Every structure is written in C-alpha cells, then in structure tokens.
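S.K.: Here it is: the structure, laid out below.
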Amino acid sequence: MIISMTGYGKAVQQLPQRKITVEIRTLNSKNLDLNLRIPNAYREKELDIRKIAAAQLSRGKIDLALHIENTSGKTGQTLNIDQIEQYIDQLSQIKNLDSDNKIPLVQIASTFPDVFLTTQEEVEDSEFDVVLKTVREGLDAVNDYRKNEGEILREEFTNRIDNIAQLLDEVIVDDKERLDGIRTRLEKAVVDLKEKVDENRFEQELIYYLEKYDITEEKVRLNNHLNYFKETMQADTSQGKKLAFISQEIGREINTIGSKANHASMQQKVVQMKDELEKIKEQMLNVL
C-alpha cells in the first residue's frame, strides 16, 4: 500500500446554536508537524484533539483548523457601560463640545477600545463530543484523500520500476556484445605488437580484465532490488522510508554498472535508468 502525505479533508456538524467545521491540510515532512488553530474556548481541550490527530496522521506537516460559528443570532458581546460612561465624562470636559447633547459623545465613545465585553461560554461536554466526532470525520476524509493520491503514486512507481527493468534487459543484451568486443580488441592489439606472447599468461590477463568489467553481480542485485521494491509497495501499510532505502540501493547498482560499462549503448541506458530513478525519488518525498 502506498499512502501520500499530501491530503485535504473537511467535516461539518450543525448543532442547534452552532456550526462546527473542521478543515485539515497535510503536506510532506520527515516527522509529524501538527499545527492547530482552534477558538480560545477550546484551548484546554487542545491536547485531546492533538492525540486523536497524531494517532491517525503519523507523519507530515498538518494544519488542522477548528471553526465554531454561532448560528443562534446572539453575538456573545455586551456593552461595557461603565467604560462608555467614563469616556463620555472625559469627552464632556472638552471645550466646544455640547455636554447637554450626549448623542455625539456616545457616538465618539463607541469607537474607543474596550466598549464591548465578550462573554465566553464554557464548553459543554456534549458539545465537545460533537467537536471530536467532527475532527475524526475530517481525519477520515484526509486519509481517504491520501490513499487515493497514494494509488496514483503506486501506479507511477510501478511504471518507473518496469522501465528500469526493461532497460536492464537491454543492458544484458549489450553486455554480451561488449565483452566479445573487448576480447577481440585485446587479441588484435596483441597481434599488432608482432611479438610472441605467452598464450597462458595472455589468457589469464584477459580473464582478469574481463572480470574487472563484469557486471553479473550488479545485474542480479539490481533485478532483486526492483522486485523487492514492487513487493514492498504491496505491504499492508505504507512503507515510505523502506522504499526510500531500496531506491538508494537501486541507485548504487545502476552507478556501478555505469562505471564498469565502457560501452556507449550501455552508458546511454544507464543514464535513462538514472532518470527514471530520479523521478521515483522526487515522488518518494510524498510517501508516508
């Protein structure tokens, strides 16, 4: 299974006097980076929300926003009468202001700070239960989104791995031609020397030279790594870090084949394999 770290989820619950909305956005990150934006009335409950979010979203940069909209028509604010009266008393002492007509003074005073008192209601347990339910629904939506994105990534990875495997098959074909060419060139070089050569010694040196450029082990290991990558993608849980390690091993074998190739066609195919692997590594950053 492949699960992406990129996702979005939203959930809404309507209570008699409040509308609860939870929005969650996730991006890739090596560890869990959870950022909560919640109303002040719910600050004491923040730890409960964090625990639920952390349990379902093990990695990634997470932005979770909780919005509480009052639909009862009540504003939750009252006039601070004492503060307004203090402002009016001070304003009435200003010259050229009509202290008998207080309407203009009230209008001026109402623009000053602290003229409203905000009443913060205590969060009831029943309401917070609904909030937690909404958070869970938002997290479920995010995970569904991540799984869908992960399926797209899985198809992408499969195509790239198959491309590398196809290129490896072509390298194997080129490899036989390459080794035969090396033997032929060396034998011709010896003939051109017009010197008598110890045949046994020449054969030993030729075998050593061919073994030095032999890529049989690299071909076998690379093929095994490609199969292991595809097997790991079929695991029950997303294995992003493990797949990243396998990608590194794939890259190591491709580089070794390239360093030993000494053959134009093989080196071109090595470059193509590196290009396919680089595209895998770029997308691997998003895998959970």
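Under full-length UniProt numbering, the first residue of the sequence shown is numbered 1, with each subsequent residue one higher.
The C-beta atom is built at its ideal place from N, Cα and C for all residues, glycine as well.
Since this is a predicted model, take the numbers as computed values, not measurements.
Tell me where the beta strand (DSSP E) around Lys-61 begins and ends.
M.R.: 60 to 70 is the extent of the beta strand (DSSP E) around Lys-61.
S.K.: Give every residue of the same chain whose Cβ lies closer than 6 Å to the Cβ of Glu-170, excluding the five residues on either side of it in the sequence, and list them in chain order.
M.R.: Counting only Cβ-Cβ distances below 6 Å, and skipping sequence neighbours, we find Lys-269.
S.K.: Contact between the segment 24 to 43 and the segment 170 to 180 is defined here as three or more beta-carbon pairs at a separation below 8 Å; is this criterion met?
M.R.: No: the two stretches stay apart, fewer than three of their Cβ pairs being nearer than 8 Å.
S.K.: The alpha helix (DSSP H) that contains Thr-216, what's its start and end?
M.R.: Residues 216 to 233.
S.K.: Alpha carbon to alpha carbon, what distance is there between His-225 and Ala-233?
M.R.: Ala is not the amino acid found at residue 233; the sequence shown has Met there. The straight-line gap from Cα to Cα measures roughly 12 Å.
S.K.: For Ala-261 and Gln-267, I'd like the C-alpha separation in whole angstroms.
M.R.: Near 6 Å, if we compare the C-alpha coordinates of Gln-267 and Ala-261.
S.K.: Helix, strand or coil: which one does DSSP assign to Ala-123?
M.R.: It is Val, not Ala, that sits at residue 123 in the sequence shown. It is coil, neither helix nor strand.
S.K.: With DSSP as the reference, please indicate the residues paired to Leu-139 in a beta bridge.
M.R.: Looking at the DSSP assignment, Leu-139 forms no beta bridge with any residue, so it has no partner.
S.K.: Can you tell me the Cα-Cα spacing of Ile-52 and Asn-80, whole angstroms?
M.R.: One C-alpha to the other measures close to 40 Å.
S.K.: For the segment 246 to 262 against the segment 274 to 282, are there 3 or more C-beta pairs whose distance is under 8 Å?
M.R.: Cβ pair count under 8 Å is three or more, so yes.
S.K.: What's the call for Ser-238, buried or exposed, on a 16-neighbour Cβ count within 10 Å?
M.R.: Ser-238 comes out buried.
S.K.: Measure the alpha-carbon distance for Phe-157 versus Glu-69 and round it to whole angstroms.
M.R.: Each residue's Cα considered, the two are about 43 Å apart.
S.K.: Are at least three pairs of beta-carbons, each pair with one atom in the segment 135 to 148 and one in the segment 5 to 19, less than 8 Å apart?
M.R.: Verdict: yes, contact present.
S.K.: How would you label Asn-159, buried or exposed, when you count the other beta carbons within 10 angstroms and need 16 or more for buried?
M.R.: By the 10 Å Cβ count, Asn-159 comes out exposed.
S.K.: Taking Glu-23 as the reference, which of Ala-141, Arg-221, Asn-148 has the closest Cα?
M.R.: For the residues Ala-141, Arg-221, Asn-148, the minimum Cα distance to Glu-23 belongs to Ala-141.
S.K.: Once the 5 residues before and after Pro-39 are set aside, which same chain residues still bring their CB inside 6 Å of it?
M.R.: Same-chain partners within the cutoff: Ile-68.
S.K.: If Glu-130 sits next to Ile-20, beta carbons under 8 Å apart, how far is it from one beta carbon to the other, in whole angstroms?
M.R.: Here residue 130 is Val; the residue named in the question, Glu, does not match the sequence. Right, the Cβ-Cβ distance comes to about 6 Å (below 8 Å), so this counts as a contact.
S.K.: For Gly-181, tell me which candidate among Met-5, His-263, Asn-143 has the shortest Cα-Cα distance.
M.R.: When only C-alpha atoms are compared, the closest one is His-263.
S.K.: Can you tell me whether DSSP reads Gln-17 as helix, strand or coil?
M.R.: In the structure shown, Gln-17 sits in coil (DSSP, three-state: anything other than H, G, I, E or B).
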